[in-house]
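Read through the structure below, which is laid out as structure tokens, and then see the notes.
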Amino acid sequence: MIAHTTERILQTVLVLLAISFIAFLLVATLGDPLTSLLPPDASIADRQDLIMRLGLDEPLLTRFLHFLNGMLHGDFGISYRTQDDIGPMIATRLPATIELAFASLLVTLFVGVPLGILCGVRPNGIISRGVMLVSIAGITLPNFVVGVLLIAIFSVHLGWFPSFGRGDTVQIGGWTTGLLTLSGWRAIILPAITLAAFQVTFVIRMLRTQLLEVGQSEHIRFARARGLSERRIWSTYAMRNALLPTITMLALQLGNVIAFSVVTEGVFAWPGIGSLFLQSIQAADVPVIAIYLIFVGAIFMIINLVVELIYPLVDPRLKRSGA
Amino acid sequence: MSEPVLKVRDLSVVLERNGRDFPVLDGVTFDIAPGEVLGLVGESGAGKSMTGIAIIDLLVPPLRRTSGTIALSGERLDQLSAKRMRRVRGKRIGFVFQDPMTSLNPVLSIGRQLTDTMRRHLPLTRGEARERAIAWLTRVGLANPPRVFAAAPHELSGGQRQRIVIALALCAEPDLLIADEPTTALDVSVQAHMLTLLRELHEETGTAMMLITHDLGVIAKMADRVAVFYAGRVIETAPTGRLIGAPLHPYTAGLMQATPAPDADGAMRVRAIPGAMPGIGALPPGCAFHPRCERAQAICREERPPLADAGGHDAACYFPLVEEVVS
Amino acid sequence: MRGLAEAFRGRPGPIVAATLIVLLVVYAFVLPLVTADPFSMSGMSILDAFSPPIWMDGGQATMPFGADDQGRNLITAMAYGLRTSIMVGAISVVIGLVIGGALGLVAGFVGGRTDAIIMRLADVQLAYPALLLAMVIDGIATAILGRGRSNEMAIAIVIVSIGIAFWVQYARTIRSSVMVERDQDYVAAARVTGRSNTAILIQHILPNVMAPVLVIATINLGIAIITEATLSFLGIGIPPTYPSLGSLIRNGNNFLQSGEWWISVFPCLLLVALVVAVNVLGDHLRDHFNPKIRGRT
């Protein structure tokens, strides 16, 4: 068990190193930092100074080690586009993205889970059939189309919610939050729904499948034969079995959610990390793209690893017994 | 004779397929007296398990009960609302399923499953339920009950699990226990223990029992009376000793020649008789057994023999074996 | 082919989807043959700018879906856009198939260290969703080739980006198939009798991978079309000066606020119709052939 855990952690670290190296190679070989970072009339001395500062005269491997070392100490390099340090750039935009992700998670929990349970418990009901029909749209509609249509209806036609930005924000320490103002809440609703569309559909379909499967199992039949109430059977005996795989599968969809957050932030001009990434791509701002790649890869790999290592602890079926 | 614990009359169940109904159980009739053990015996697919499921009203589509009365101590179960029926299940009829490996909820502790069941039917506090649960675990012969109480199903062996399943079925002290092939899925070495346990619990509690099995050996050891099933019908019923000593129906006789030969997968076929039991939807007219029967005459092919009431040893056959056995 | 015909018997959904795809393809490829390119000077008429759909006040019979800000007839512009989207989707699928197929064959046949490297690369790539990867590749290509790129260059970059983003699935499918076949006796026998690897490949391995690859390709076609539209909508794919469904929607999005909803909504609906049809078809093919494709959600 311990050997297995260690091995998986080592593998993850190795893959992350590989990703970092690829990202570093992008920065090192693409674009010319000197022309990007220096004014056109810079002197030879300025150039030499920058080369020294960036360590451009050192061998590739040394530079990679510097790059890694810098990242571990919060130095993520300099953006070609704005000439700012990338670390603070990300830090100022992180709250917007996290709040959006949080809001979309709320939508998923309060819409996806109840509907998924309904569709699993009463698969032949009218509401369930309707939900399943609509959920096809949730799977096939491109993320940005959902956003555009929501804006067309709720922002332009009905005028209920703004179509871009975060609304008024409040600064608390290093964190800018939009969740303390009314306009902030109004502004987050449409993007949150857009981002949640995929997750909601996913959760509904997963829960439904899982519940249908569990509902037919022998232990549920035995629970019925013992006279347990339907409510208890579904809420405890079936849900416990269905929820775990659903959450796991959702966690493994994190990569898609991140990609969709870029699209959502693009559609709604949401000032988060996704927008930063988009602007960087448009401007071919390689250092920011590279850091973003490492960032996303790290989140994805770590979540994967955590899910894989924690799952046996949570699900007694997979617990390794001493034998 | 006192009121039977269970009285089943003319119970019929169909399987609906492509808009047509195919009979699965056809006019099943039997009684179980208080404290009696009735064995239901027959090949796989004869309708024994279906009878059990129909009694506790857990048939799911495409299966459906079409006729019959089921009375538990005089109360008509077939007329109860779904809600009242849930109070009967577990509380007044306990049910033991065949496979202990799949009968227990894999993500809930044994204790949780026991206390949930007891507190559903009995007015117990959490503490009392726990105490009783541990008492039950002791009673079904499990070592170290507090550890088992906290354990998850996967930590226990098949035999241990089946003991827990029995405890779950009995923990609300039902009047009737239906045990569907309680030993089939277990190792041969464990089977005898399990039968002894059931016998002991039956004697201690006085609960009536309906024991479903394909194994006449189990019947001989456990049952007071036997009902033999063939193709969805009861074809012979008698006290165990009389049935085994002098079967009336040619099928029963064949069944006994095939004993003991339970297949590993429980799908026992009676090889002493040529041919196979007709499947659902393939019932021949007349006696369902006639294509395999050496004694069949014209009438057997045309008319279905009724279960003749002959003073406690009844058989549905026009040409029963009795004279031959006597002579 | 008989298997394919068999796959459609008695199934209305997939038949409707297939018919819709045929109609859309005809629309996309025939209409541009008989109309002037609305993205050239001769195809626009600025007087018709913001002309609404036919059923609204001021709608014109020649412009059933209205016109955009430059006076481009939307029904024509959408045909041009659809043509681009279908072609970009199809070509990128082929590119993904070629790259993935080649790497899968090499990995399966050569095995050993080559196989390990290719498959680890696939693992790393799987950490990133295809959409994100296509964005990154697009950004990197821009960095290499410079920002002042022509329409043709932009389209080529989009196609290659999407193609590269999708190679892993093909590679895995083909590799596993090759590995199974490689050790079969008849392949060894064919080798002994002096057949070349290529001949063995074509005769024994190709038939086995055809069905799963066809299914993956159909499903990926839907995703590729969405990816192109998304990239173009976000302004990192096909530029607004060239028609694709994504660039039309991006352009129309500028006028959503001021009430000219049709400029974006109709291309949206067209995109949705195309993608839904392709997905229904893909799902159906998958269910029919039921190959052991790793569950994609």
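Chains as they are written, first to last, in the numbering used here: chain A, 1 to 323; chain B, 1001 to 1327; chain C, 2001 to 2297. For every residue, glycine included, the Cβ atom is placed at its ideal position computed from N, Cα and C. Treat the numbers as computed from the prediction; the structure is a model and nothing was measured.
Burial state of residue i, where buried means 16 or more other Cβ atoms lie within 10 Å
i: K1083 (chain B); result: exposed
i: I2223 (chain C); result: buried
i: V121 (chain A); result: buried
i: P1306 (chain B); result: exposed
i: N69 (chain A); result: exposed
i: D1010 (chain B); result: exposed
i: Y2186 (chain C); result: exposed
i: H4 (chain A); result: exposed
i: S2085 (chain C); result: buried
Per-residue DSSP class, three states only, for residue i
i: T1029 (chain B); result: strand
i: T1183 (chain B); result: coil
i: D1078 (chain B); result: helix
i: M89 (chain A); result: helix
i: N1018 (chain B); result: coil
i: S2177 (chain C); result: helix
i: G1312 (chain B); result: coil
i: D1265 (chain B); result: Confidence at D1265 (chain B) is low in this model, with a pLDDT of 49, below 50, so the placement of that residue should be treated as unreliable; the coordinate-derived value is given next. The answer is coil: DSSP assigns D1265 (chain B) none of H, G, I, E or B.
i: N2254 (chain C); result: coil
i: E1236 (chain B); result: strand
i: S1012 (chain B); result: strand
i: I299 (chain A); result: helix
i: Y1251 (chain B); result: helix
is_contact[residue i, chain B] using C-beta, thresh 8 Å
i: F222 (chain A); result: yes
i: E218 (chain A); result: yes
i: Y80 (chain A); result: no
i: Y311 (chain A); result: no
Residue i at chain A interface by Cβ criterion, 8 Å
i: I1056 (chain B); result: yes
i: F2289 (chain C); result: no
i: P1260 (chain B); result: Legend: pLDDT at P1260 (chain B) = 46, less than 50; position of this residue unreliable, value from coordinates given subsequently. No, no contact with chain A.
i: D1265 (chain B); result: Confidence in D1265 (chain B) is poor, its pLDDT being 49 and thus under 50, which makes the residue's placement unreliable; the coordinate value appears in the next sentence. No, D1265 (chain B) does not count as interfacial toward chain A.
i: V2158 (chain C); result: no
i: A2229 (chain C); result: yes
i: V2106 (chain C); result: no
i: T1102 (chain B); result: yes
i: D2123 (chain C); result: yes
Proximity test, Cβ basis, 8 Å: residue i and chain C
i: S163 (chain A); result: yes
i: V286 (chain A); result: yes
i: L293 (chain A); result: yes
i: P142 (chain A); result: yes
i: L106 (chain A); result: no
i: I126 (chain A); result: no
i: Q171 (chain A); result: no
i: L30 (chain A); result: yes
i: L211 (chain A); result: no
Within chain C, the residues that residue i reaches when beta carbons sit closer than 7 Å
i: A259 (chain A); result: P2129, L2131 and L2132
i: L26 (chain A); result: I2140
i: F300 (chain A); result: A2127
Contacts of residue i in chain B (Cβ-Cβ under 8 Å)
i: A197 (chain A); result: Chain B residues near A197 (chain A): none, gap ~30 Å exceeds 8 Å.
i: R232 (chain A); result: D1116 and R1120
i: N241 (chain A); result: N1105, P1106 and V1107
i: S229 (chain A); result: R1086 and R1120
Contacts of residue i in chain C (Cβ-Cβ under 8 Å)
i: A152 (chain A); result: L2256, W2261, S2264 and V2265
Per-residue contacts from residue i into chain B (C-beta, under 7 Å)
i: R226 (chain A); result: R1089, G1090, T1117 and L1168
Residue i: contacting residues in chain A (beta-carbon distance under 8 Å)
i: D2183 (chain C); result: Those do not exist, as D2183 (chain C) stays about 28 Å from chain A at its closest Cβ, beyond 8 Å.
i: F1097 (chain B); result: E218, R221, F222 and A225
i: L2271 (chain C); result: P142 and V145
Contact set between residue i and chain A, taken where Cβ atoms lie within less than 7 Å
i: F1289 (chain B); result: Result: empty, since nearest Cβ-Cβ is about 31 Å, beyond 7 Å.
i: D2057 (chain C); result: Neighbours of D2057 (chain C) on chain A: none; closest Cβ ~17 Å, over 7 Å.
i: A2143 (chain C); result: L30, G31, A284 and V286
Beta-carbon neighbours of residue i, restricted to chain A and to distances below 9 Å
i: N2279 (chain C); result: I136, I139 and T140
i: L2234 (chain C); result: F144, V262, V263, G266, V267, L278, I281 and Q282
TODO: Kindly provide the ranges of any alpha helix (DSSP H) runs that are 4 or more residues long and lie completely inside the region 183-240 of chain A, ordered along the chain.
DONE: Look at the region 183-240 of chain A and you find these whole runs of alpha helix (DSSP H), each 4 residues long or longer: 218-225.
Task: Minimum length 4: unbroken alpha helix (DSSP H) runs contained in the region 1021-1072 of chain B - done: If only uninterrupted alpha helix (DSSP H) runs of at least 4 residues are considered, those enclosed by the region 1021-1072 of chain B are 1048-1055.
Task: Complete runs of the alpha helix (DSSP H) confined to the region 2147-2235 of chain C [at least 4 residues] - done: Residue ranges of uninterrupted alpha helix (DSSP H) with 4 or more members, entirely inside the region 2147-2235 of chain C and ordered along the chain, are 2151-2165, 2167-2182, 2185-2192, 2197-2200 and 2206-2233.
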